[in-house]
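Asker: Structure in structure tokens, see below.
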Amino acid sequence: MAEHVEQPVGEEAPTARLRALCVIPALDEQGKVGRLLERFPPDAVEQVVVDDGSSDGTAAEARAAGAHVISHDRRRGVGAAIRTGIDHALELGFDIVVVMGGDDQDDPAEIAVLLAPIERGEADFVQGSRRLEGRRTVDMPLFRLVTTKAYSVLFRLLTGFRSTDATNGFRAFSTDVVRDKRIRLHQTWLDTYELEPYLLFQAIRYGWRVREAPGTKSYHRDLGYSKMLPGRDWWRLLRPIIRALSLGGRNRRHAARNGKEVGARVPDAVQILFGGTPQGPDTKSRKQPHAK
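Residues in the sequence shown are numbered from 2 upward in steps of one, following this note's numbering.
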């Protein structure tokens, strides 16, 4: 029989620290990904670089810097690369996933800022923001300044979430979020830029505790700062939200005809926009992280 050990009065039982994995999607980031990995503090979280079919020395540079590397045999898209990293984290039993681009725009020292609310049990999903605590950017191009701000305003309108930086790929979330069966990451239409806004939107939609935390974004104009194509790829950022709200409106109208209630609440303005009717007060439950 196991011996029962009494906990001294006034002392809390020690809790195991949550394990976090930093997923770094990378495509042709030679000259950047190695520099990024070298900036990780000695006691930082573990890292996995997902090489999305690069044609340069991205994978070799990441391995030389000490990272574990998973390579796609062909280019599948940034969403597919992030999903591969998430699956790897789930297989190895990590509690938290951090996502950071391989282009050396984010600061690994700030990962702790994103992790803290999750580790304290205050949040399930923490979105990095270059606009909290002032504009935390270095050499941000004017086009990117305008478009990211406009997208965040639109995201706020469509979701009701007080977003200041919805396009920021630097984020951390509990693996409980991606285990939610309502959040279906393994859809091929999420293989490119759609996956990141899809995951943020669905976390909000299904009542997970989402908040923002400040993070610095640095742009390397001499090396190129983005692989996104104006028009096509910005539509891909909007597509998951429009798709979900449109389908949600149709499902609610169908349910209403059959006397059923389905779906999560979205802002009244969006309900009207997509042909539905405004709902009552928000009663979504907030999920609690599993005790370790």
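Glycine included, each C-beta is placed from N, C-alpha and C at the ideal position.
Could you tell me the distance, in whole angstroms, from the CA atom of Arg-157 to the CA atom of Leu-200?
Answerer: Here the question's residue 157 lines up with position 156 in the sequence shown. Here the question's residue 200 lines up with position 199 in the sequence shown. Looking at the two C-alpha atoms, the distance is approximately 15 Å.
Asker: Helix, strand or coil: which one does DSSP assign to Arg-172?
Answerer: Within the sequence shown, residue 172 is the residue found at index 171, counting from 1. Arg-172 falls in the strand class under three-state DSSP.
Asker: Should Lys-1 go down as buried or exposed, given a rule of 16 or more other Cβ atoms within 10 Å for buried?
Answerer: The requested residue 1 does not occur in the structure, where the chain is confined to residues 2 to 293.
Asker: Could you check if Val-211 is buried or exposed, using at least 16 other CB atoms within 10 Å of its CB as the buried criterion?
Answerer: The sequence position of residue 211 within the sequence shown is 210, counting from 1. Buried, by the Cβ-count rule.
Asker: Please report the residue range of the beta strand (DSSP E) in which Leu-201 lies.
Answerer: Locating residue 201 in the sequence shown gives position 200, where the first residue counts as 1. No beta strand (DSSP E) contains Leu-201, which is instead part of the alpha helix (DSSP H) from 196–206.
Asker: With burial defined as no fewer than 16 other Cβ atoms inside 10 Å of the residue's Cβ, what is the status of Ala-68: buried or exposed?
Answerer: For this step, residue 68 is matched to residue 67 along the sequence shown. Buried, by the Cβ-count rule.
Asker: Distance check for Gly-170 and Val-70, CA to CA, integer angstroms please.
Answerer: Position 69 of the sequence shown, counting from 1, holds the residue named residue 70. Position 169 of the sequence shown, counting from 1, holds the residue named residue 170. Near 20 Å, if we compare the C-alpha coordinates of Gly-170 and Val-70.
Asker: Within 10 angstroms of the Cβ of Arg-131, are there 16 or more other Cβ atoms? Answer buried if so, exposed if not.
Answerer: For the purposes of this step, residue 131 is taken as the residue at position 130 of the sequence shown. Arg-131 comes out buried.
Asker: Taking Phe-41 as the reference, which of Cys-23, Leu-115 and Ala-151 has the closest Cα?
Answerer: Position 40 of the sequence shown holds residue 41. Nearest option by C-alpha distance: Cys-23.
Asker: Nearest to Val-1 by CA position, among Gly-102, Ala-113, Gly-78 and Arg-75, is which residue?
Answerer: Given a span of 2 to 293 for the chain in the structure shown, any question on residue 1 remains unanswerable.
Asker: Can we say the stretch 23–34 touches the stretch 86–98, given the rule of at least three CB pairs closer than 8 Å?
Answerer: Touching, per the Cβ criterion.
Asker: Count the other C-beta atoms from every protein chain shown that fall within 10 angstroms of the C-beta of Arg-172, then say buried if there are 16 or more, exposed otherwise.
Answerer: Within the sequence shown, numbered from 1, the residue matching residue 172 stands at position 171. Burial call: buried.
Asker: Spell out the partners DSSP gives Glu-47 in its beta bridges.
Answerer: Here residue 47 is taken as the residue at index 46 of the sequence shown, counted from 1. Leu-22, per the DSSP bridge assignment.
Asker: Going straight from the alpha carbon of Gln-106 to that of Tyr-220, what length do you get?
Answerer: Within the sequence shown, numbered from 1, the residue matching residue 106 stands at position 105. Within the sequence shown, numbered from 1, the residue matching residue 220 stands at position 219. One C-alpha to the other measures close to 6 Å.
Asker: From Thr-176 to Asp-88, what distance separates their C-alpha atoms?
Answerer: Stepping through the sequence shown from its first residue, residue 176 is reached at position 175. Stepping through the sequence shown from its first residue, residue 88 is reached at position 87. Approximately 10 Å between the Cα atoms of the pair.
Asker: With burial defined as no fewer than 16 other Cβ atoms inside 10 Å of the residue's Cβ, what is the status of Arg-163: buried or exposed?
Answerer: Translated into positions along the sequence shown, residue 163 becomes position 162. Exposed, by the Cβ-count rule.
Asker: Assign Pro-198 to one of two classes, buried (16 or more other C-beta atoms within 10 Å of its C-beta) or exposed (fewer than that).
Answerer: The residue you call residue 198 lines up with position 197 of the sequence shown. Per the 10 Å Cβ criterion, buried.
Asker: In or out: Ala-294 buried (at least 16 other Cβ within 10 Å) or exposed?
Answerer: Absent from the structure is residue 294, since the part of the chain shown begins at 2 and ends at 293.
Asker: Cβ atoms of Gly-216 and Asp-44: under 9 Å apart, would you say?
Answerer: In the sequence shown, the residue the question calls residue 44 occupies position 43. In the sequence shown, the residue the question calls residue 216 occupies position 215. Against a cut-off of 9 Å, the Cβ pair of Gly-216 and Asp-44 comes out as no contact.
Asker: In or out: Gln-188 buried (at least 16 other Cβ within 10 Å) or exposed?
Answerer: Within the sequence shown, the letter at position 187 stands for residue 188. Flag for Gln-188 reads exposed.
Asker: In the DSSP assignment, the beta strand (DSSP E) including Ala-68 goes from what residue to what residue?
Answerer: Stepping through the sequence shown from its first residue, residue 68 is reached at position 67. Taken as a continuous stretch (DSSP letters only), Ala-68 belongs to no beta strand (DSSP E), as it is neither H nor E.
Asker: Measure from the alpha carbon of Gly-94 to the alpha carbon of each residue in Gly-78, Ala-82, Leu-19 and Arg-76, then state which is nearest.
Answerer: Position 93 of the sequence shown holds residue 94. Among Gly-78, Ala-82, Leu-19 and Arg-76, the Cα nearest to that of Gly-94 is on Leu-19.
Asker: Among Asp-53, Ala-167, Leu-133 and Glu-134, whose alpha-carbon lies nearest the alpha-carbon of Thr-148?
Answerer: In the sequence shown, counting from the first residue as 1, residue 148 sits at position 147. Of the listed residues, the one whose Cα sits closest to Thr-148 is Ala-167.
Asker: Run the CB neighbour count on Glu-123, radius 10 Å, all protein chains shown included, and call it buried at 16 or more, exposed below.
Answerer: Translated into positions along the sequence shown, residue 123 becomes position 122. Classification of Glu-123: exposed, given that the 10 Å Cβ count is below 16.
Asker: Nearest to Ala-214 by CA position, among Ile-119, Val-178, Gly-208 and Tyr-152, is which residue?
Answerer: Residue mapping note: residue 214 aligns to position 213 of the sequence shown, counting from 1. Among Ile-119, Val-178, Gly-208 and Tyr-152, the Cα nearest to that of Ala-214 is on Ile-119.
Asker: Taking buried to mean at least 16 other C-beta atoms within 10 Å of its own C-beta, is Glu-134 buried or exposed?
Answerer: Reading the sequence shown from its first residue, position 133 is the one you call residue 134. Glu-134 should be labelled exposed.
Asker: Once you ignore the five residues that flank Ala-65 on each side, which residues in its own chain have a CB closer than 8 Å to its CB?
Answerer: The residue you call residue 65 lines up with position 64 of the sequence shown. If we look at Ala-65 and ignore the five residues flanking it on each side, its Cβ neighbours are Gly-35.
Asker: Excluding five sequence neighbours on each side, which residues of the same chain lie with their C-beta closer than 7 Å to the C-beta of Leu-191?
Answerer: Mapped onto the sequence shown, residue 191 falls at position 190. These residues qualify, in order along the chain: Gly-80 and Tyr-199.
Asker: Which residue or residues does DSSP assign as beta-bridge partners of Glu-213?
Answerer: Counting from 1 along the sequence shown, the entry for residue 213 is found at position 212. Gln-128, per the DSSP bridge assignment.
Asker: What is the rounded straight-line gap between the Cα of Leu-28 and the Cα of Leu-38?
Answerer: Position 27 of the sequence shown, counted from the start, is the residue given in the question as residue 28. Position 37 of the sequence shown, counted from the start, is the residue given in the question as residue 38. For Leu-28 and Leu-38, the distance between alpha carbons rounds to 15 Å.
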